[in-house]
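Reviewing the structure listed below.
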Amino acid sequence: MPLILLFGATGLVGSHLILALRDQYPKLPVTVYVRNTSIDNYLTTTAGVARVVHGDFSEHAKITALVEEHDIVINVGSSGDDSVTEAIMEGLKKRPAKSKPVLIHMSGTGNFLETRFDDGVHHSESKVWSDDSIEDMKAINAEMYQGGPAALVLTLNKTHPDIATYVVFPSAIFGESAGPIRSLGVIQQLMYQKAKELGFVPYVGDGTAIVNLIHVDAVTSFVLKILDLSQEPSAPQGSQYERTFFIGGPDIAWKEVSQAFAKAFHAKGIIASPDTRSVSLAEAGEPGIQGIMSREMLFVGPRAQRLGYKYTQPDLPEYVRNGGDVASL
Ligand SMILES: NC(=O)c1ccc[n+]([C@@H]2O[C@H](COP(=O)([O-])OP(=O)(O)OC[C@H]3O[C@@H](n4cnc5c(N)ncnc54)[C@H](OP(=O)(O)O)[C@@H]3O)[C@@H](O)[C@H]2O)c1
């Protein structure tokens, strides 16, 4: 029975994933590495976790030692910190040679934000990235939003071909965490902060720049698909660049996203008017936020689709209209 180690169990994705693992793989023992010490009872009793280990991502030796004890590592907690991924990789390298260790690493399509245009406008020349393009996958690098750890994972097979690495790149995730710890997606948090700060919900330029959002349930079910793939006798399948997957929902213009949030925040009395407004890059916020709001996120995921990925969840405006949680109150 393979032992699973999960990072990020209290987060938006991780909180759903532990429940999905409990329901669909009740016999697989899951260890979670969490810094929160207040929900051990929930984790072991309700979520059916076999072992809770407390620790912070800064405790690298502890992470390495724990990884060494497990067959499958799922990291949905740290996508932007090289040192955490390095600690995980150190542990995987110490696994017995024939144990076929698995690493499922969650990164994001934020890596693939358009570099040439930051005007909030849709450009037909914007690059469309593909998970089926080895060239695109080889272009992942540390300069990208969460590119450092993903690039590190993609180098692991050069020296350790037996380690089955899988990198999942979801677009901007929305939804609500499961379990006792509240967590919303980055766009939900960002829109709420901006509404509170500016008194309205902004978009950059004419708001036609394309963004992509994915409901957390679509992410969770795809990670389970990858888990299945990792346990097939053929694993690791192909090269590391053929084990990368883009998943998302429908493409949507930023202005439409802003309008959906504005209506919901207005209905809750958070802002005075449901009208959205165009802002300059400087008004959008610090450079990271500017990039998210002004640069297009264009991608296709034929590799994920071949594995059966199909988006069936509500899109963001529908989620908001249906009363989905939007505000960090
Ligand atoms: N949300 C998105 O739009 C999006 C899109 C693409 C990729 N991603 C990436 O996918 C992963 C899952 O996303 P998410 O939205 O579920 O993230 P999230 O809700 O922010 O959850 C992050 C998890 O990591 C844990 N964590 C953070 N810092 C830690 C530390 N120093 N020590 C120990 N644990 C720590 C958190 O624990 P606490 O509960 O203790 O904070 C939480 O369990 C993340 O790596 C994220 O960067 C997210």
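Numbering (mature numbering (1 follows the signal peptide of the UniProt record, and there is no 0)), first residue to last: -20 to -1, 1 to 309. C-beta: ideal position from N, C-alpha, C; glycine also. Predicted model only: the values in this text are computed from it and were never measured.
Quiz item: With a CB to CB cut of under 7 angstroms and the five nearest residues on each side skipped, what residues in its chain are close to glycine 127?
Solution: Numbered from its first residue, the sequence shown carries residue 127 at position 147. Counting only Cβ-Cβ distances below 7 angstroms, and skipping sequence neighbours, we find Asn91, Ile120, Asn121.
Self-check item: Sequence ranges, beta strand (DSSP E) only - wholly within the region 196 to 252, length at least 3
Solution: The region 196 to 252 is shown to contain whole beta strand (DSSP E) runs of 3 or more residues at 224 to 227, 231 to 233, in chain order.
Practice problem: Consult DSSP for phenylalanine 37 and reduce its assignment to one of helix, strand or coil. | Solution: If you number the sequence shown from 1, residue 37 lands on position 57. Coil at phenylalanine 37, not helix or strand.
Exercise. Go to isoleucine 167, then tell me how far its alpha helix (DSSP H) extends in each direction, as first and last residue.
Key: Taking the sequence shown and counting its residues from 1, the one referred to as residue 167 is at position 187. Element bounds for isoleucine 167: 166 to 178.
Self-check item: Inter-residue Cα distance where the pair is residue 347 and methionine 86
Solution: Because residue 347 is not part of the residues shown, which for the chain are -20 to 309, the question remains open.
Practice problem: Please specify which runs of the beta strand (DSSP E), each continuous and at least 3 residues long, are wholly inside the region 43 to 96, giving them in chain order. | Solution: Taken in chain order, the complete beta strand (DSSP E) segments of 3 residues or longer contained in the region 43 to 96 are 52 to 55, 82 to 86.
Practice problem: Name the residue from Asp62, Asp61, Ile84 whose alpha carbon lies nearest to the alpha carbon of histidine 50. | Solution: Within the sequence shown, residue 50 is the residue found at index 70, counting from 1. Ranking Asp62, Asp61, Ile84 by Cα distance to histidine 50 puts Ile84 first.
Quiz item: Is the region 23 to 32 touching the region 183 to 197, taking contact as three or more C-beta pairs under 8 angstroms?
Solution: The region 23 to 32, when compared against the region 183 to 197, does not touch it at the 8 angstroms Cβ threshold.
Quiz item: How big is the Cα-Cα spacing for phenylalanine 225 and glycine -13?
Solution: Locating residue 225 in the sequence shown gives position 245, counting from the first residue. Locating residue -13 in the sequence shown gives position 8, counting from the first residue. Each residue's alpha carbon lies about 20 angstroms from the other.
Quiz item: When you compare only the Cα positions, how much space is there between isoleucine 250 and proline 182?
Solution: As a position in the sequence shown, residue 250 is number 270, starting the count at 1. As a position in the sequence shown, residue 182 is number 202, starting the count at 1. Going by the C-alpha atoms only, they are around 14 angstroms apart.
Quiz item: Do the CB positions of serine -6 and serine 201 come within less than 8 angstroms of each other?
Solution: Numbered from 1 along the sequence shown, position 15 holds the residue referred to as residue -6. Numbered from 1 along the sequence shown, position 221 holds the residue referred to as residue 201. Going by C-beta atoms, serine -6 is not nearer than 8 angstroms to serine 201.
Self-check item: Local conformation of arginine 257 per DSSP, three classes
Solution: Taking the first residue of the sequence shown as 1, we reach residue 257 at position 277. The three-state reading of DSSP puts arginine 257 in strand, counting E and B together.
Exercise. Name the one or two DSSP bridge partners that alanine 152 has.
Key: Position 172 of the sequence shown, counted from the start, is the residue given in the question as residue 152. Leu193, per the DSSP bridge assignment.
Practice problem: Please check the pair tyrosine 291 and glycine 229, which I expect to be a contact at CB under 8 angstroms, by giving their CB distance rounded to whole angstroms. | Solution: As a working note, residue 291 is residue 311 in the sequence shown. As a working note, residue 229 is residue 249 in the sequence shown. Indeed, because the Cβ distance is near 5 angstroms, the residues count as touching under 8 angstroms.
Quiz item: How about leucine 170: is its Cβ closer than 7 angstroms to a heavy atom in ligand 1?
Solution: Within the sequence shown, residue 170 is the residue found at index 190, counting from 1. No; taking the cut-off as 7 angstroms, the Cβ of leucine 170 has no heavy atom of ligand 1 nearer than that.
Self-check item: Cα-Cα separation, isoleucine 153 to valine 184
Solution: Here the question's residue 153 lines up with position 173 in the sequence shown. Here the question's residue 184 lines up with position 204 in the sequence shown. The alpha-carbon atoms of isoleucine 153 and valine 184 are separated by roughly 20 angstroms.
Practice problem: Determine which residues share a DSSP beta bridge with proline 182 and list them. | Solution: Residue numbering aside, residue 182 sits at position 202 when the sequence shown is read from its first letter. DSSP, once it has assigned bridges, lists Arg257 as partnering proline 182.
Exercise. Put methionine 277 into one of helix, strand or coil per three-state DSSP.
Key: Position 297 of the sequence shown, counted from the first residue, corresponds to residue 277. Strand.
Quiz item: Taking all protein chains shown into account, do 16 or more other C-beta atoms lie within 10 angstroms of the C-beta of serine 274, making it buried, or fewer, making it exposed?
Solution: Working through the sequence shown from its first residue, we reach residue 274 at position 294. Buried.
Practice problem: Would you mind sorting valine 259 into buried or exposed? The rule is 16 or more other CB atoms within 10 Å of its CB. | Solution: As a position in the sequence shown, residue 259 is number 279, starting the count at 1. Buried, by the Cβ-count rule.
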